[in-house]
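Working notes for the structure below.
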Amino acid sequence: SQDQRPDTFCDQTRGSGDWYTADNPNSAYNQQWFSYMTAIQDYLDSLGYLDKSYYYFANEPQDQDDFDAVAWYSQELKNAAPDLKLMVSEEPRPQIYDTGKVDIWLPVLNNYDPVISHDRETNHSEETWIYFLHGTRPPYFNPITLDHPGIESKFTGWFLWKYRVRGIAYYSLNNWGKNPWTDPMTDNHNGDTFMLYPPSESNQNITYGSNNHRFVPSIRFELMRDSLEDYEYMYALNSGQPVVGQTNSADSHVDKVIGGLTSYTRDSEFMYNLRRLIGLKNGNEIDTIPDIQPPPSHPRANGPPGNYYINFQDIDGEPTADPLIVDGNEYMKIGWNDYDAETLGYGWYGDMANVMYQYLSSAPNELQSSIIYDDWGREKTFEFILPSGTYNVTVSVGWQGKTYSHNQIEIEGITFVDDEATTPDNSYIVRTKQVIISDYSLTMNMGVFDEYTMLNYLDIEAVETTPTVTPTPEDTPTLTATSPSEATATPTSTSSPTVTSPSEATSTPTSTSSPTATSPSENTSTPVVTSTPTSMDAPVANFGADKTNGIYPLTVKFSDASSNTPTTWEWDFDNDGTADSTKQNPSYTYQESGMYSVKLTVSNGNGGDSILKEDFITVIEPIYIYLPIVTK
């Protein structure tokens with residue numbers, strides 16, 4: 221909120237009557253200053269630079285006084301220089317844009333809200349850029365520090381494309397106050413204040429021109445360059461920039477790398493292969509880009525979709541039952557594990573410094589007794605590897621008898637709990653929605669910054685598993701789902717049992733008996749809801765592979781992912797019309813370079829089905845580099 225302009229300007233001395241609290245743009249100082257801004261605009265325009273210029277006039281306003289100052293100053297700047305773009309390093313805020321005018325908003329990534337930014341661009345012609353701080357921690361990617369994996373620098377261009385972000389800013393490209401070659405740490409983060417190194421490893425002056433006036437780029441800097449070249453590939457594929465609210469030909473490919481604000485594909489080989497295929501399409505070397513997917517990284521991803529049940533808890537604490545069986549389903553016990561793709565096939569991304577567990581004996585059931593949360597209210601991302609397919613997913617959040625006002629859960633880009641409150645009267649929120657998994661991994665984003673989300677359990681059920689009802693001799697009910705957290709059984713007799721949520725099941729017959737179940741493990745109502753796989757249909761063919769590209773000889777392990785229990789398999793690994801294997805999950809070695817289409821035909825007693833994945837496997841020749849032999 222302080223006036224940062226010069227104390228004196230054009231023989232005028234700045235005073236308190238020249239700033240926003242006085243609201244006097246016609247003061248002598250302000251007349252000189254705003255005339256100067258008009259002159260800058262006109263000068264840039266005369267050189268043809270105006271559309272490439274912006275005035276970065278405010279940095280990270282913090283409170284209402286700051287917002288008022290930014291709004292007033294931007295309004296007066298626009299009166300003096302309406303075509304000069306204005307930037308402020310802040311997310312779009314009504315405290316500013318209701319009375320002011322900002323052309324370029326610059327939020328730090330962890331404060332970026334695509335919904336608000338897209339509205340400002342669509343309806344008010346205001347761009348959004350992003351920047352990163354050393355405090356931009358997991359689950360968000362961060363390309364600027366040495367403490368994050370290198371692939372995160374490669375995400376930059378793909379992220380900009382997905383969210384229609386128009387630019388990035390970085391505050392310290394080459395701060396060499398201390399020697400970054402030997403002392404890279406600042407504020408407990410390595411590389412935070414430099415992306416370029418000094419030419420001398422001792423950080424001393426060098427002879428002018430001795431290195432052709434070149435800085436030394438960091439690997440992070442070069443990877444970010446590569447990512448912006450990836451953006452150019454998408455630009456060429458789309459024949460132009462992406463537009464907010466419009467889907468384009470590059471989006472489906474970008475979505476395979478950037479699944480959401482905190483959901484990313486961390487398979488660099490897949491990422492580079494996808495870039496290569498886009499390049500081949502841009503060069504008219506292929507007609508279509510194959511629909512490749514990241515290979516599965518855990519054995520659980522092989523085979524057809526199944527059912528998976530997770531209780532989030534302290535694995536060394538309550539509940540101690542082993543195995544943990546609730547309503548006939550065995551629940552995995554998962555705590556605050558770092559993501560481990562190969563061994564566990566699940567885990568978390570995020571700052572684990574303040575994660576907590578709680579077990580409540582007062583909760584309505586065993587599953588909702590367990591709670592995990594972050595005591596500082598930091599966002600987290602959970603990944604769970606499983607076969608690609610369609611699933612009904614149920615999540616529960618809450619804490620018995622307490623109020624938490626900002627629970628947030630998003631799964632595969634679908635909002636399940638939208639910044640919602642639990643209260644003593646309604647202590648839990650249980651939601652079920654259908655999600656489609658195409659990359660062998662379910663991604664769940666949890667939390668709102670500085671707010672609690674109290675997570676209980678997660679049910680993941682393949683749609684091929686259909687709910688049926690086992691009736692009593694007196695009743696013949698059929699189960700009908702009426703909402704994500706409610707299913708009503710409507711019998712042909714006088715009994716009307718109703719299941720209202722995973723934590724409550726109440727049977728209310730027309731007779732005098734009224735059995736009530738208080739937890740999933742104490743369900744005494746009838747009918748009993750069970751799950752049995754559908755087996756009376758013809759199979760639907762589908763498959764995956766542990767890799768889809770590489771140099772020859774390339775051995776690929778294929779995995780059947782067909783539904784409805786096939787009993788025979790016929791694989792054609794090069795689509796030449798000849799069956800190469802009849803195993804369910806075979807391996808095949810490609811001996812020559814090329815792009816191979818793969819066909820799988822499956823059948824059972826009820827029929828058969830085939831699927832052809834064109835250009836599914838890409839085999840390339842090895843690259844040989846010959847070095848001269850140097851002898852003395």
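Per the working numbering, the very first residue in the sequence shown carries number 221; after that it's consecutive. Heads up, the beta-carbon is just placed ideally off N, CA and C, and yes, glycines get one too. Source: prediction; values computed, not measured.
Where Arg340 sits in the DSSP three-state scheme: helix
Meets three-Cβ-pair contact criterion under 8 Å: the segment 440-450 and the segment 419-431: no
In DSSP terms, what His409 is bridged to: Bridge partners of His409: Thr406.
Cβ-based burial, Thr732 [other Cβ within 10 Å; buried from 16]: Note that Thr732 scores 33 on pLDDT, short of 50, meaning its location in the model is unreliable and no value can be drawn from it.
Alpha-carbon spacing of Ser713 relative to Glu550, whole angstroms: The predicted position of Ser713 is uncertain, since its pLDDT is 35 and thus under 50; a value taken from the coordinates is nonetheless stated next. Going from the Cα of Ser713 to the Cα of Glu550 covers about 33 Å.
The segment 251-264 / the segment 320-332 touching (three or more Cβ pairs under 8 Å): no
Alpha carbon of Tyr332 to alpha carbon of Glu311, nearest angstrom: 6 Å
Distance, Pro515 Cα to Phe490 Cα: 8 Å
Touch test, the segment 402-422 against the segment 496-503, Cβ-Cβ under 8 Å, three pairs minimum: no
Rounded C-alpha distance that separates Met415 from Lys803: 52 Å
Span separating the alpha-carbon of Arg234 from that of Ser247: 10 Å
Under 8 Å between C-beta atoms of Trp619 and Thr643: no
Rounded Cβ spacing between Ile680 and Leu662 (contact assumed at less than 8 Å): About 6 Å; that satisfies the 8 Å criterion.
Where Thr702 falls: helix, strand or coil (DSSP): The predicted model places Thr702 with a pLDDT of 29, which falls under 50 and marks its position as unreliable, so this point remains unresolved.
Residue from Ala242, Ser255, Asn769 with nearest C-alpha to Phe229: Ser255
Check whether Pro363 and Thr376 have beta carbons under 8 Å apart: yes
Buried versus exposed call for Thr673 [16 or more other C-beta atoms within 10 Å across all chains shown]: buried
The segment 268-283 in contact with the segment 236-244 per 3-pair CB rule at 8 Å: no
C-beta contact flag for Lys767 and Val760 at 8 Å: no
Exposure of Asn585, with buried meaning 16 or more beta-carbon neighbours within 10 Å: buried
Gly537 versus Trp556 - alpha carbon distance: 13 Å
Endpoints, the alpha helix (DSSP H) within which Val290 is located: 284-300
Touch test, the segment 589-600 against the segment 570-580, Cβ-Cβ under 8 Å, three pairs minimum: yes
Where Leu544 falls, given that 16 or more other Cβ within 10 Å makes a residue buried: buried
For Tyr249 and Gly237, the rounded distance between their alpha carbons: Take the alpha-carbon of Gly237 and the one of Tyr249: they are about 9 Å apart.
Neighbourhood of Ala561 by C-beta, 7 Å cutoff - its chain only, sequence neighbours within 5 removed: Only Ser517, His518, Ile605 meet the Cβ criterion.
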